[in-house]
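Peer 1:
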Amino acid sequence: MDKKVLLTCIILLALAMPPAAGLSVVSTTSVLWDPIQFIGGDRVEVIYIADPAICPHVQGDIIPNRIQLQREFIANADLFVAINGSVDRENVMPFVEKFMTANGYGNVEWTTLQNPSMVWNTPEGARALGREVTGWLVAADPGNTTYYEERFGEYIRMINATDLSGEEKTVIPGQEAIVMIWQREAVEEWLGLSVVTAFGPAFYGDGKFVPQMIVDDIQSHPEKYQNVRYVVENMQSGEMAKGIEEAPGPGYSGKTGDIHQLPEIDRRR
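When the letters of the sequence shown are read in order and numbered with full-length UniProt numbering, they come out as residues 1 to 269.
1. For residue 228 and residue 196, which I take to be in contact (beta-carbon distance under 8 angstroms), what is that distance rounded to the nearest angstrom?
2. Return the chain-ordered ranges of every alpha helix (DSSP H) run that is complete within the segment 31-119 and spans a minimum of 4 residues.
3. Are the Cβ atoms of residue 74 and residue 62 separated by less than 8 angstroms?
4. For residue 29, does the three-state DSSP call read helix, strand or coil?
5. Rounded to whole angstroms, what is the Cα-Cα separation between residue 69 and residue 120?
6. Closer than 8 angstroms is the cut-off here; do at least three beta carbon pairs connect the segment 137-148 with the segment 36-46?
7. With a Cβ-Cβ cutoff of 8 angstroms, do residue 117 and residue 85 count as a contact?
8. Using alpha carbons as the reference points, say which of 27, 72, 128 lies closest to residue 89.
9. Just to confirm, is the Cβ distance from residue 81 to residue 122 under 8 angstroms?
10. When DSSP builds the beta bridges, which residues end up paired with residue 230?
11. Counting along the chain, where does the beta strand (DSSP E) carrying residue 199 start and finish?
12. Can you give the Cα-Cα distance for residue 210 and residue 178, rounded to whole angstroms?
13. When DSSP labels each residue in this structure, what does residue 220 get in the three-state scheme?
14. For residue 246, which of 212, 184, 223, 57 has the nearest alpha-carbon?
15. Taking DSSP as the reference, what is the three-state secondary structure of residue 129?
16. How should residue 77 be labelled, buried or exposed, when 16 other C-beta atoms within 10 angstroms of its C-beta is the threshold for buried?
17. Measuring alpha carbon to alpha carbon, tell me which residue in 96, 132, 230 is nearest residue 183.
18. Considering only the beta carbon of each residue, do residue 31 and residue 40 sit closer than 8 angstroms?
19. Going straight from the alpha carbon of residue 108 to that of residue 226, what length do you get?
20. Rounded to the nearest angstrom, how far is the Cβ of residue 159 from that of residue 127, given a contact under 8 angstroms?
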């Protein structure tokens, strides 16, 4: 009797325990990590290499350290994924490949986006990205196909809930904004904002669009910016846009809005 009770308890405990993550995934950045961790749920464990708070091109010392901290996971990963744009190819993927070959773990076989230039920071783009990621997970772990497809459905519903409402579509379009260059397409095509100017890091456009250049232009031509309502940033820290947001010059009669990161832009203004 005692043995039967013990066996029953063991079976019940096993049924109650969530399944251990079976698929280990290494992503170059948090862009792919986000849909993978949601769609993969408890069947996938995923990490990202580049620090999302800092541009990858200035992480020459940071990325190798992050790889070392996760060396065991990376060495035994089942799937390596990358956007495969210039940032990945030049600043992240080579470090992973060097780590693997230098330590005798073999060559990396990357799974990459069909279109490295795809726009993923709009609802339409996010849905397409989620669909492609789901395909990766199903191909790597076909035994959990139904689970991944159900999670993808949840992911789509979550994205749809963040899209503009009918009222917002009548209020937001046409308002003026200053934007991070890599958010311009999303700001114009999804939100319908009117972009007065764009800013970016020093390596973009030969440094002609760094925040200080925008600040100088605001101070020299305040009338150009008097109707600006938003400053849209895409870095988690928000520090790049901070100087712009605080930069009204002499005679500046308008005001800039808060610093916002898509998709968390303040739609009430």
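Positions of the beta carbon are idealized from the N, C-alpha and C atoms, including for glycine.
Peer 2: The answer reads as follows:
1. Counting from 1 along the sequence shown, the entry for residue 228 is found at position 228. Counting from 1 along the sequence shown, the entry for residue 196 is found at position 196. Indeed they touch by this definition, with Cβ atoms about 6 angstroms apart.
2. 62-69, 71-75, 86-91, 93-102
3. Here residue 74 refers to the residue found at position 74 of the sequence shown. Here residue 62 refers to the residue found at position 62 of the sequence shown. No.
4. For the purposes of this step, residue 29 is identified with residue 29 of the sequence shown, where counting begins at 1. Here residue 29 sits in coil by DSSP.
5. As a working note, residue 69 is residue 69 in the sequence shown. As a working note, residue 120 is residue 120 in the sequence shown. Distance between the alpha carbons of residue 69 and residue 120 is about 29 angstroms.
6. yes
7. To locate residue 117, count along the sequence shown from 1; it is residue 117. To locate residue 85, count along the sequence shown from 1; it is residue 85. It is a contact, given that the beta carbons lie within the stated cut-off.
8. By 1-based counting over the sequence shown, the position of residue 89 is 89. It is 27.
9. As a first step, residue 81 is located in the sequence shown; it is residue number 81 there, counting from the start. As a first step, residue 122 is located in the sequence shown; it is residue number 122 there, counting from the start. Not closer than 8 angstroms, so no.
10. By 1-based counting over the sequence shown, the position of residue 230 is 230. 177, per the DSSP bridge assignment.
11. Reading the sequence shown from its first residue, position 199 is the one you call residue 199. 194-199 is the extent of the beta strand (DSSP E) around residue 199.
12. What you label residue 210 is simply residue 210 of the sequence shown in a count that begins at 1. What you label residue 178 is simply residue 178 of the sequence shown in a count that begins at 1. Approximately 12 angstroms between the Cα atoms of the pair.
13. Residue numbering aside, residue 220 sits at position 220 when the sequence shown is read from its first letter. The answer is helix: DSSP assigns residue 220 an H, G or I state.
14. Stepping through the sequence shown from its first residue, residue 246 is reached at position 246. Ranking 212, 184, 223, 57 by Cα distance to residue 246 puts 212 first.
15. For the purposes of this step, residue 129 is taken as the residue at position 129 of the sequence shown. Looking at residue 129 - three-state DSSP - the assignment turns out to be helix.
16. As a first step, residue 77 is located in the sequence shown; it is residue number 77 there, counting from the start. By the neighbour-count rule (16 or more Cβ atoms within 10 Å), residue 77 is buried.
17. Here residue 183 refers to the residue found at position 183 of the sequence shown. Out of 96, 132, 230, 230 has the C-alpha closest to the C-alpha of residue 183.
18. In the sequence shown, counting from the first residue as 1, residue 31 sits at position 31. In the sequence shown, counting from the first residue as 1, residue 40 sits at position 40. For residue 31 and residue 40, no; Cβs fall outside 8 angstroms.
19. On the sequence shown, position 108 is the one that residue 108 refers to. On the sequence shown, position 226 is the one that residue 226 refers to. Their Cα atoms are separated by approximately 51 angstroms.
20. To locate residue 159, count along the sequence shown from 1; it is residue 159. To locate residue 127, count along the sequence shown from 1; it is residue 127. Indeed, because the Cβ distance is near 6 angstroms, the residues count as touching under 8 angstroms.
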